[in-house]
Amino acid sequence: MIPTDHPVCDVSEPKVIEDIAVDDEHDERNADPCTSSDCMWPKSSDGKVYVPYVIANHFSYKYAFDKISTLNQGTPYDYNCVMQYHRFADPEPQTIGNHHLHPPLLQN
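Here the sequence shown stands for residues 1 to 108, where the numbers follow UniProt numbering.
Structure below.
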C-alpha cells in the first residue's frame with residue numbers, strides 16, 4: 001500500500017481494498033457502513049429484529065380478479081410453448097431441435 005504522503009497518492013480518491021472503497025475516517029471493510037453504526041433497528045430480547053412497516057390502505061383484494069386493459073390481451077395463447085406445461089402434462093416428448101426436453105411417459 002502506498003502511504004498517503006507519497007507523491008503519487010491522490011488523497012481525493014477513496015482508499016480501495018480489493019473491491020471495497022474504504023472511508024479513512026472509519027477504516028471499515030463494510031459495503032454498507034450504516035450497518036456498523038446505530039442506524040439499524042434494535043435486536044429484541046428474544047433475539048429477533050422487528051422491523052416496523054405500514055401497508056397502505058389502497059392495497060386490497062377488492063379488485064384482484066378484475067380484468068385490466070393491457071397491450072397484450074389480444075395476443076393469442078401459444079399452446080406449443082414448453083414453458084407452460086408440467087413435464088408430465090403431455091405424453092409426447094417436447095423437443096428443441098434434436099434435443100428431448102424430457103423423456104416420454106412410460107405407459108403400461
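Even for Gly, the Cβ is constructed at its ideal location relative to N, Cα and C. If you're wondering where the values come from, they're calculated on a predicted model, not measured in any experiment.
Open item on the list: Just to confirm my understanding: we take TYR50, look at its own chain, exclude 5 residues before and 5 after, and list those with CB closer than 8 Å. What are they?
Closed with: Here residue 50 is taken as the residue at index 50 of the sequence shown, counted from 1. If we look at TYR50 and ignore the five residues flanking it on each side, its Cβ neighbours are TRP41, SER44.
Open item on the list: Could you compute how far the alpha carbon of ASP66 sits from the alpha carbon of SER60?
Closed with: Locating residue 66 in the sequence shown gives position 66, where the first residue counts as 1. Locating residue 60 in the sequence shown gives position 60, where the first residue counts as 1. Roughly 12 Å between the two C-alpha positions.
Open item on the list: Strictly by DSSP, which residues pair up with LYS62?
Closed with: The residue you call residue 62 lines up with position 62 of the sequence shown. Answer is none; LYS62 lacks a bridge partner.
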